[in-house]
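J.: Throughout, the numbering used here is defined as the position within the sequence shown, counted from one, plus 15.
Think of the CB as a built atom: it goes at the ideal place given N, C-alpha and C, for glycine as much as any other residue.
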Amino acid sequence: MKRLVEELDLRREASLYRSRRVAESPQQPEMRIDGRRLLAFCSNDYLGLANHPDVVRAMQQGAAEYGAGSGAAHLINGHTAAHHALEEELAEFTARPRALLFSTGYMANLGVISALMGRGDRIYEDRLNHASLIDGGLLSRAKLLRYQHAELGSLQSQLESGSGGRVLVATDGVFSMDGDLAPLPALGRLAQDYHAWLMVDDAHGLGVLGAEGGGTLSHFGLGLEDAPILMGTLGKAFGTFGAFVAGSDELIETLIQQARSYIYTTALPSAVAEATRVSLRIARQESWRRERLNKLIQRFREGASSLGLPLMDSLTPIQPILAGSSAQAIAWSRQLEGKGMLVSAIRPPTVPDGSARLRITFNANHSDRHLERLLDALAGLRGESA
Ligand SMILES: Cc1ncc(COP(=O)(O)O)c(C=O)c1O
16 MKRLVEELDL RREASLYRSR RVAESPQQPE MRIDGRRLLA FCSNDYLGLA NHPDVVRAMQ
76 QGAAEYGAGS GAAHLINGHT AAHHALEEEL AEFTARPRAL LFSTGYMANL GVISALMGRG
136 DRIYEDRLNH ASLIDGGLLS RAKLLRYQHA ELGSLQSQLE SGSGGRVLVA TDGVFSMDGD
196 LAPLPALGRL AQDYHAWLMV DDAHGLGVLG AEGGGTLSHF GLGLEDAPIL MGTLGKAFGT
256 FGAFVAGSDE LIETLIQQAR SYIYTTALPS AVAEATRVSL RIARQESWRR ERLNKLIQRF
316 REGASSLGLP LMDSLTPIQP ILAGSSAQAI AWSRQLEGKG MLVSAIRPPT VPDGSARLRI
376 TFNANHSDRH LERLLDALAG LRGESA
């Protein structure tokens, strides 16, 4: 254990130490955290549904009907009418024949990739893909190659020089730490040219982009043929918890038979499924939430660029400000906290070395006043260093 103490000390010295805060209020812009009132710009609750009264009520009613826990895996007797109905609604929402619930997005990515791919197969992943896609690739024992971020030329030359086995191209739809979109139309074409399956992890696009929040694929007008495997999470724009995979009947049946993170785990509580059915409906119907987000994003970008802040190429609610060093990102985050604002510093290995950043995210419930407070606080950061 002494080794661990030394390693932890090294982490602290490199400004890479991570610690948790304790929230004492629901997820919402104005939160009580560690005994302080803070204005938060860091959650993934983009549509402001995590504490929506109808969603909370549905969870309460779901618990009253099904109890607190599901008590077993889906393949034993933990799969309820609530899960089943949600899967059907998610299939309809994504315009795919079937959908399958997983307990988390992390588990969905591990389960899908390791069920479909194995030794002798090839997986191509964007360098900036979420850790769970990368870990799924590693777990599968297939050959894992990473192409330059959103660079089709880099992917194509890797595809060109590979041979044999099944081929999977996996990408985030919206990159979680950068907020930019994967070039999905071109990726879909390349995947088809090389007889590869395209898998899109749309954790940050669903609910936010496209008509009715149909996500990045819907934003680009793409469907099942272009990207046969779609993974979505429920703990972000939909405000609850869990994840799903949507695709063909044979994909879903294969996952039910072979995805170990689906088979060997307890089904998520039915109350969560009931709450998600309501939040999915609200997310689809209340397009004012997406419009509000777009307004906030546009005003933020105008304000931040007139302050000369180093914005990234993002039109989504993920609006990072590049700091460079971890020490600088932490210093900025602390300065903002001193002004009553919570914006998290994202550091390596979550992002590449030298690209630590503030990850600012917006929520449809942020008010104009909240945005002004953020911009005022950011204005004070100029010229300050660690
Ligand atoms: C792109 C992406 N994929 C997958 C996940 C994992 O989803 P979950 O939090 O449901 O495990 C996340 C974030 O958590 C993510 O940002």
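(1) Counting pairs of beta carbons, one from the stretch 213-228 and one from the stretch 85-102, are three or more of them closer than 8 Å?
(2) Among the candidates 351, 371, 261, whose CA atom is the shortest distance from the CA of residue 116?
(3) Of the choices 334, 69, 303, 81, whose alpha-carbon is the least far from that of residue 318?
(4) Do residue 164 and ligand 1 come close, with the Cβ less than 6 Å from some heavy atom?
(5) When you compare only the Cα positions, how much space is there between residue 396 and residue 349?
(6) To which residues of the same chain is residue 119 closer than 8 Å at the C-beta, ignoring the five residues directly before and after it?
(7) Check the C-beta distance from residue 274 over to residue 127 and give it rounded, since I have them as a contact under 8 Å.
(8) Taking C-beta to C-beta, are residue 344 and residue 316 nearer than 7 Å?
(9) What is the DSSP secondary structure of residue 38, reduced to helix, strand or coil?
(10) For ligand 1, list every residue whose C-beta falls under 5 Å from any of its heavy atoms, going in chain order.
(11) Less than 7 Å separating the beta-carbons of residue 155 and residue 124?
(12) Classify residue 384: buried if its beta carbon has 16 or more other beta carbons within 10 angstroms, exposed otherwise.
(13) Could you compute how far the alpha carbon of residue 43 sits from the alpha carbon of residue 56?
(14) Quick check: what's the CA-CA separation for residue 320 versus residue 314?
(15) Are the CB atoms of residue 201 and residue 223 within a distance shorter than 7 Å?
(16) Pairs of beta-carbons, one from the stretch 264-273 and one from the stretch 56-75, closer than 8 Å: are there three or more?
(17) Do residue 337 and residue 392 have their C-beta atoms closer together than 7 Å?
(18) By the 10 Å Cβ neighbour count, where 16 or more other Cβ atoms means buried, how is residue 187 classified, buried or exposed?
(19) What's the gap between the Cα of residue 151 and the Cα of residue 214?
(20) Measure from the alpha carbon of residue 191 to the alpha carbon of each residue in 164, 45, 176, then state which is nearest.
(21) Can you name the residues that DSSP bridges to residue 55?
(22) Round the Cβ separation of residue 139 and residue 184 to the nearest angstrom and send it over; I've been treating them as touching at under 8 Å.
(23) Starting from residue 184, follow the beta strand (DSSP E) in both directions and report where the run begins and ends.
(24) Quickly, what does DSSP pair residue 484 with across the bridge? List them, please.
(25) If I measure Cβ to Cβ from residue 307 and keep anything under 6 Å in the same chain, skipping five residues before and after, which residues do I get?
(26) Just to confirm the assignment, what range does the alpha helix (DSSP H) spanning residue 208 have?
(27) Excluding the 5 residues flanking residue 106 on each side, which residues of the same chain have their C-beta closer than 7 Å to its C-beta?
(28) On a Cα-Cα basis, can you pick out the residue from 129, 197, 27 that is closest to residue 277?
(29) Using CA atoms only, rank isn't needed, just tell me which of 108, 17, 157 is closest to residue 294.
(30) Express the C-alpha separation of residue 301 and residue 193 in angstroms, rounding to a whole number.
(31) Who does residue 310 pair with in a DSSP beta bridge?
(32) Give the C-beta separation of residue 292 and residue 78 to the nearest angstrom, bearing in mind that I take them to be a contact with Cβ-Cβ under 8 Å.
T.: Let's see:
(1) In this structure the stretch 213-228 does not touch the stretch 85-102; the number of beta carbon pairs closer than 8 Å is below three.
(2) The shortest C-alpha to C-alpha distance from residue 116 to any of 351, 371, 261 is the one to 261.
(3) If we check each option's Cα against that of residue 318, 334 comes out closest.
(4) For ligand 1, not one heavy atom lies less than 6 Å from the Cβ of residue 164.
(5) Rounded to the nearest angstrom, the two C-alpha atoms are 10 Å apart.
(6) Non-local C-beta neighbours of residue 119 in its own chain, meaning closer than 8 Å and more than five positions away in sequence, comprise 248, 250, 256, 257, 258, ordered along the chain.
(7) At roughly 6 Å, the Cβ-Cβ gap stays under 8 Å, so residue 274 and residue 127 are in contact.
(8) A distance of 7 Å or more separates the beta carbons of residue 344 and residue 316.
(9) In the structure shown, residue 38 sits in a strand (DSSP, three-state: E or B).
(10) For ligand 1, the selected residues are 119, 120, 121, 145, 147, 187, 191, 216, 218, 248, 250, 258.
(11) Inclusion of residue 155 and residue 124 in the CB contact set at 7 Å is not warranted, their separation being larger than that value.
(12) Around the beta carbon of residue 384, fewer than 16 other beta carbons lie within 10 angstroms, which makes this residue exposed.
(13) Rounded to whole angstroms, the separation of the alpha carbons of residue 56 and residue 43 is 9 Å.
(14) In this model, residue 320 and residue 314 are separated by some 10 Å (Cα to Cα).
(15) No, they are not a contact pair.
(16) No: fewer than three Cβ pairs fall under 8 Å.
(17) No, they are not a contact pair.
(18) Buried, by the Cβ-count rule.
(19) Here the C-alpha atom of residue 151 lies approximately 12 Å from the C-alpha atom of residue 214.
(20) The shortest Cα separation from residue 191 among 164, 45, 176 belongs to 164.
(21) Answer is 357.
(22) With a Cβ gap of about 5 Å, residue 139 and residue 184 count as contacting.
(23) Segment 182-187, the beta strand (DSSP E) holding residue 184.
(24) As displayed, the chain neither begins before 16 nor continues past 401, which places residue 484 out of reach and without an answer.
(25) Once the five neighbours on either side are set aside, the close Cβ partners of residue 307 are 379.
(26) For residue 208, the enclosing alpha helix (DSSP H) has its first and last residue at 199-208.
(27) Within the same chain, Cβ atoms closer than 7 Å to the Cβ of residue 106 are found at 112, 113, 114, 261, the five residues on either side in sequence being excluded.
(28) Selected option, being the one with the closest Cα: 129.
(29) The shortest Cα separation from residue 294 among 108, 17, 157 belongs to 108.
(30) The straight-line gap from Cα to Cα measures roughly 26 Å.
(31) Bridge partners of residue 310 according to DSSP: none are assigned.
(32) So it is not a contact: roughly 14 Å between Cβ atoms.
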